[in-house]
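Below is one structure, written out as structure tokens; comments come after it.
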Amino acid sequence: MAIISLSYKYLERLTGTGRETILQRLPMIGSEVERLEEDHADVEFFPNRPDLFSVEGVARAMRGFLGIETGLPKYSVRPSGIRFTIDSKLEAIRPCLASAVIRNIAFDDESILSVMALQEALHWAVGRGRSKVAIGIHDLDTVVPPFHYVASPRGRTFVPLDFTEELTLDGILEQHPKGRDYAKIVRDFPLFPLITDDEDHVCSFPPIINGERTRVTTGTKNILLDVTGTDQRAVNVAANIICTAMAEAGAIIESVEINGVPFPDLAPTERMVSVRECCDLIGVGLTAPQMAGLLEKMRFGAQPAGSDRVRVQVPCYRADIMHDWDLFEDVAIAYGYENFAVEVPPTFSIGTEHPVNAVATQVRMILAGLGYLEMMPFTLTNERVLCDQLQRPRSASTLHLMHPISEEYTVVRTEILPLLLEMLQVNRHRELPQRLFATGDALSDLCTTQRLAFVSTHPAADFSEVYAHAAAVLRELGIAYSAEVSADAAFIEGRRADIAVAGKRVGVFGEIQPAVLTAFELEQPVAAFELDLRAVPGYPSR
Amino acid sequence: MAELTFNEKRLLAALVKEKKSNAEHLASLLNATPEAVVQWAHLAMDKGLAKVERIVEKAFEYTDEGKTYLQNGLPETQILHLIKPGTTLADLQGHPSFKIGFGQLRKKGFIRVEGAVVIKNEGTSTKAEESSLRNPVSGEPHTKELIKRGILAESETVRYAISITADGIALAQQGLDLKEEIGTLTRDQILSGAWKTANLRRYDIKKLPKTVYPGKSHPYQRLIDEMRLILLEMGFTEMHGEIVQSAFWNFDALFQPQDHPAREMQDTFYLKEEAPLPERWECLRDMHEHGGDTSSTGWGGKWNPKKAKQCVLRTHTTSLSIQYLATHPEPPVKAFCIGRVYRREAIDPTHTPEFEQLEGIVMDKGVTFRHLLGFLKEFYCRMGFSDVRFRPGFFPYTEPSVEPEIWVDGLGWVEMGGAGVFRQEVTAPWGVQCPVLAWGLGVSRVAMLRLGLKDLRQLYQSDLEWIRNSPVHAPAEAARKT
């Protein structure tokens with residue numbers, strides 16, 4: 022979750038209105054106010070809007086949404102004359118780079134933290150934990166251009182941020198906290214990405230850590246930005262979001278030439294969209310000028326182009342506009358979700374229950390009629406409960422979760438009875454008799470099937486009782502079965518029976534083995550039943 | 056005043072003569088057990104007609120050992136008498152009470168042993184012990200010691216003294232109808248007509264019956280059924296499907312990029328099995344890579360079919376919705392399902408690794424985002440939440456997206472799932488031309504509100520007493536005023 026801390030004073034200054042107005046309307050642009058503190062609010066923004074991960078970005082959007090300043094924000098970029106070279110060996114390692122020079126900065130402790138927070142939020146939302154995009158910010162006046170993005174031997178040394186000693190790149194992965202956190206991104210490459218200046222000072226070891234030398238302090242006036250990664254589009258967006266946020270704060274943006282191409286490119290992209298398509302999607306009748314007006318509130322440039330067309334300029338920081346409908350959503354947001362005249366869909370149709378659930382409802386009626394209470398245990402369990410405690414052999418076909426959360430939950434149940442015995446265990450101090458049932462999904466290989474199990478425990482629970490109840494359930498479900506000699510080790514020999522339908526075993530019932538009872542800490546006899554509901558005549562097949 | 060039973064009347068009639076008596080005597084008069092008489096007397100006492108006094112009497116009895124000491128004196132007395140100046144240990148050892156008597160004397164410090172000679176200490180005597188043996192007094196230290204030594208036994212006898220009150224006498228003087236009562240109506244009485252003159256015992260309706268519980272479905276299942284019924288009544292077709300899904304249907308078909316964090320091992324349960332890709336998977340690949348034939352740019356990069364084949368436990372039932380649309384691409388479609396979904400979450404009061412999700416879609420010509428909001432409002436109203444508001448939301452597979460919130464007294468606005476119109480990137484690969492309104496809802500969150508639970512685990516590891524005591528009829532309105 023991207024939770025951004027918005028300082029009231031700074032937000033009010035940049036937005037040009039009071040905090041009450043801003044905070045009241047903020048949720049309606051797509052956010053959730055998590056906490057209101059004395060001097061700031063913590064607000065959660067969605068991962069598709071990384072341009073809102075800074076006070077500057079929020080103020081820019083809110084000026085539009087509140088009608089203070091609408092339309093496309095314009096950012097000018099002047100050339101810095103600084104160049105960046107890229108080593109072709111990085112192609113298979115971390116090929117993409119964007120950069121910029123940002124001048125005229127007045128940092129204080131708070132604004133440094135704010136930039137770092139934006140950087141971290143971008144690492145999370147755009148950078149996929151730095152693997153796709155990583156951002157470095159350096160004090161430009163500590164280094165000498167041009168800069169070089171190279172694939173370096175792993176034995177190269179430099180002093181990483183927060184350290185005083187030189188470490189090798191391999192040493193950083195082992196000893197630096199950030200090295201340990203992000204080692205997995207680069208560990209398998211023979212050479213590591215490195216950014217150096219023209220005097221071979223290390224600026225940064227992306228995506229791991231910057232050099233101590235280029236540390237940004239309150240004395241920093243000018244910044245060198247580097248953004249590296251594996252996806253040029255994402256790298257560019259991250260650079261654009263940082264540059265435009267800094268520009269909103271009053272900085273001057275200068276371009277850096279990478280292989281002859283100037284970065285950043287803060288020009289908008291264009292889309293021509295249909296007014297009718299927008300109205301059909303959101304269900305509101307709008308003219309082209311009305312639609313253009315709403316888009317301008319969302320900080321797009323928009324001009325009607327005939328009655329059904331609007332020409333839209335999408336700002337360079339809007340990473341989320343992939344499709345025309347992404348713009349239509351912004352039209353709906355600008356229109357105001359609270360202003361829709363809501364109406365139920367006119368579609369006529371006849372409701373139909375799924376046949377699997379129709380049978381489940383019948384099963385519940387029958388079991389309730391016999392005095393049983395329903396339980397809804399987890400479908401996740403483990404083989405100790407599922408097999409071992411019932412003295413049943415483990416099955417080779419049981420599917421195992423690759424990364425279970427605990428030893429308790431490692432497989433999806435293939436039977437329900439073991440989970441019902443666990444329910445008896447949970448309730449062993451409760452009054453007897455206890456008659457419980459459960460019905461629902463279980464796996465048979467990769468297929469989802471439905472089963473029914475019931476248990477009865479009290480001093481006189483026995484085979485006669487469970488046979489009578491089994492016969493009643495099977496009769497009510499219309500299952501023509503025969504009771505056959507069973508070899509199920511969970512039950513007492515001579516007090517157990519398999520349920521067979523057309524020669525196939527579909528269930529079992531009987532008195533539970535005392536050793537099984539002990540394994541579940543049960544002290545009274547238990548009579549139990551389990552059935553594969555696919556035995557019900559006409560049961561829906563996959 | 057509550058009705059008198061036949062036996063209470065008989066007791067009162069006897070008491071009018073006896074005034075005050077004990078349970079045994081009354082029992083012999085009424086031809087009943089003393090216990091029954093005490094029970095009737097208590098019933099009469101509750102009505103102010105009789106008085107019951109419980110009298111506890113303590114009595115002492117001698118054990119067999121005690122009886123011999125009564126004749127011969129306590130062992131310590133017997134031994135003490137034998138000690139003369141110059142008596143040696145050997146002189147005493149032959150005596151049958153030596154072991155106990157000598158031990159007691161040593162313990163009480165009545166004697167000392169110097170070399171082989173046993174000497175009686177000045178002024179010692181067992182008079183007090185002997186006196187307690189003959190006249191035991193409850194609570195007195197020597198008596199208590201004798202009880203402890205198994206010489207004496209103290210027993211308690213409880214007697215009941217029963218008397219009639221002035222009200223009882225007054226009532227008896229009005230006349231008591233002493234016709235015999237019948238407890239159970241029999242087949243013979245019904246057939247013979249004897250019932251016409253029979254005096255059937257009247258029950259005290261203020262006396263609560265024994266608690267019994269009917270068999271019933273789970274409170275959570277009842278809530279799920281309530282939601283199912285609402286959707287069926289609104290004309291939706293119910294879906295049902297597989298727990299194990301390919302990443303293709305669970306993620307890719309919903310336009311979740313292959314590097315999306317939700318797809319990582321730490322959030323999703325993966326299995327090592329693989330599932331084949333469905334027909335037309337290439338359309339989906341194109342959609343991810345460059346947006347296919349739509350106005351979308353796609354995610355860019357290379358789409359990896361191997362990643363899409365991995366099997367997962369479904370993380371949402373939306374995987375069923377998209378498969379339903381893929382097989383039903385023509386309008387209209389109105390479908391829903393309520394099913395378990397799986398997330399890799401550690402268990403705590405508000406998180407479980409599996410939980411129910413409600414999922415629904417409406418696909419038709421001319422349906423819009425406005426209709427989606429209308430549907431959501433209607434659904435939550437029917438669930439008992441009449442104040443609904445809408446906030447913009449974000450989900451990778453819908454555009455526009457919305458987060459509905461409901462008002463709950465005491466909690467404020469509560470987020471209630473998510474909704475939106477399926478993106479074209481999601482619907483176009485399957486030839487779906489009309490807009491698809493879609494929404495999902497965490498059923499367990501509604502359950503916590505409606506069933507008043509603080510801990511989600513109660514749904515899945517239920518206390519039997521909770522189920523026994525949860526009424527089947529639990530209207531929405533009642534639950535909201537918590």
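Sequence lines, in order, name chains A and B.
Here my numbering is used: the first residue of the first sequence is 22, the next is one more, and so on.
Here my numbering is used: the first residue of the second sequence is 56, the next is one more, and so on.
We put the beta carbon where it would ideally sit given N, CA and C, even for glycine.
Can you say whether residue i is buried or exposed, counting buried as having 16 or more other CB atoms within 10 angstroms of its CB?
i, result
"P211/A", "exposed"
"P264/B", "exposed"
"D129/A", "exposed"
"G230/B", "exposed"
"P447/B", "buried"
"R201/A", "exposed"
"M137/A", "exposed"
"V443/B", "buried"
"S173/A", "buried"
"T143/B", "exposed"
"M320/B", "exposed"
"T266/B", "exposed"
Which chain B residues sit within Cβ distance under 7 Å of residue i?
i, result
"R159/A", "Correcting the residue type first, residue 159/A is His in the shown sequence and not Arg. Correct list: empty, because the minimum Cβ distance to chain B is about 27 Å."
"N69/A", "F449"
In whole angstroms, give me the CA-to-CA distance for residue i and residue j.
i, j, result
"Q455/A", "S477/A", "6 Å"
"A87/B", "Q94/B", "11 Å"
"T537/B", "F477/B", "Caution is warranted here: a pLDDT of 40 is assigned to T537/B, below 50, making its placement in the model unreliable, and the coordinate value is therefore given only provisionally. The alpha-carbon atoms of T537/B and F477/B are separated by roughly 36 Å."
"R257/B", "D519/A", "51 Å"
"R535/B", "K509/B", "Note on R535/B: pLDDT 47, under 50, position unreliable in the model; no value is reported."
"E48/B", "P89/B", "In this structure chain B extends from 56 to 537, so residue 48/B is not present and cannot be described."
"S507/A", "L538/A", "19 Å"
"E514/A", "S517/B", "31 Å"
"E59/A", "A390/B", "48 Å"
"I274/A", "Y338/A", "14 Å"
"L391/A", "T402/A", "28 Å"
"R81/A", "L35/A", "8 Å"
"A533/B", "Q513/B", "Reliability of the predicted coordinates at A533/B is poor, the pLDDT of 48 falling under 50, and the value obtained from them is presented with this limitation in mind. The straight-line gap from Cα to Cα measures roughly 20 Å."
"S193/B", "S187/B", "10 Å"
"M282/B", "M438/B", "7 Å"
"I43/A", "D63/A", "13 Å"
"G327/A", "G421/B", "24 Å"
Does residue i have its Cβ less than 7 Å from a Cβ in chain B?
i, result
"Y203/A", "no"
"S370/A", "yes"
"F361/A", "yes"
"D519/A", "no"
What does residue i touch in chain B if you count any residue whose Cβ is under 8 Å from its own?
i, result
"V487/A", "In chain order: nothing, as chain B lies at least about 15 Å away."
"I25/A", "Those do not exist, as I25/A stays about 15 Å from chain B at its closest Cβ, beyond 8 Å."
"H479/A", "Within chain B, no residue comes near H479/A; the closest Cβ sits about 13 Å away, beyond 8 Å."
Does any residue of chain A have a CB that is nearer than 7 Å to the CB of residue i?
i, result
"R425/B", "yes"
"I522/B", "yes"
"R500/B", "no"
"R399/B", "yes"
"A519/B", "At residue 519/B the sequence reads Leu, which differs from the Ala that was named. It does: the Cβ of L519/B has a partner Cβ on chain A nearer than 7 Å."
"D348/B", "no"
Please indicate yes or no: does the CB of residue i lie closer than 6 Å to some heavy atom of the ligand NAP?
i, result
"D191/A", "Among the components modelled here there is no ligand, and therefore nothing to report on the ligand NAP."
Who are the neighbours of residue i on chain A, taking C-beta pairs under 8 Å?
i, result
"L286/B", "G372"
"V457/B", "Y358"
"C340/B", "Correcting the residue identity first, residue 340/B is Arg in this sequence and not Cys. In chain order: nothing, as chain A lies at least about 16 Å away."
Please report whether the beta-carbon of residue i lies at a distance below 7 Å from any beta-carbon of chain C.
i, result
"M293/A", "The question asks about chain C, but that chain is absent: this structure's protein chains are A and B."
Below 7 Å on C-beta distance, what does residue i contact in chain A?
i, result
"L428/B", "F361, V363"
Interfacial residues, the region 294-328 of chain B to chain A, with Cβ spacing under 8 Å: M294, H295, G296, E297, I298, V299, D314, P316, M320, Q321, F324, Y325, L326, K327, E328
Could you name the residues of the region 30-53 of chain A whose beta carbon sits closer than 9 Å to any beta carbon of chain B, in the order they occur along the chain? P48, M49, I50, G51, S52, E53
Give, in chain order, every residue of the region 270-281 of chain B whose Cβ lies closer than 7 Å to some Cβ of chain A. G270, K271, S272, H273, Y275, Q276
Check each residue of the region 372-390 of chain A: if its Cβ is closer than 8 Å to any Cβ of chain B, include it; give the result in chain order. G372, T373, E374, H375, V377, N378, T382, R385, L388, A389, G390
With 9 Å as the C-beta to C-beta threshold (strictly closer), list the residues of the region 219-251 of chain A near chain B in chain order. T251
Going along the chain, which residues of the region 81-114 of chain B sit with their C-beta nearer than 7 Å to a C-beta in chain A? none
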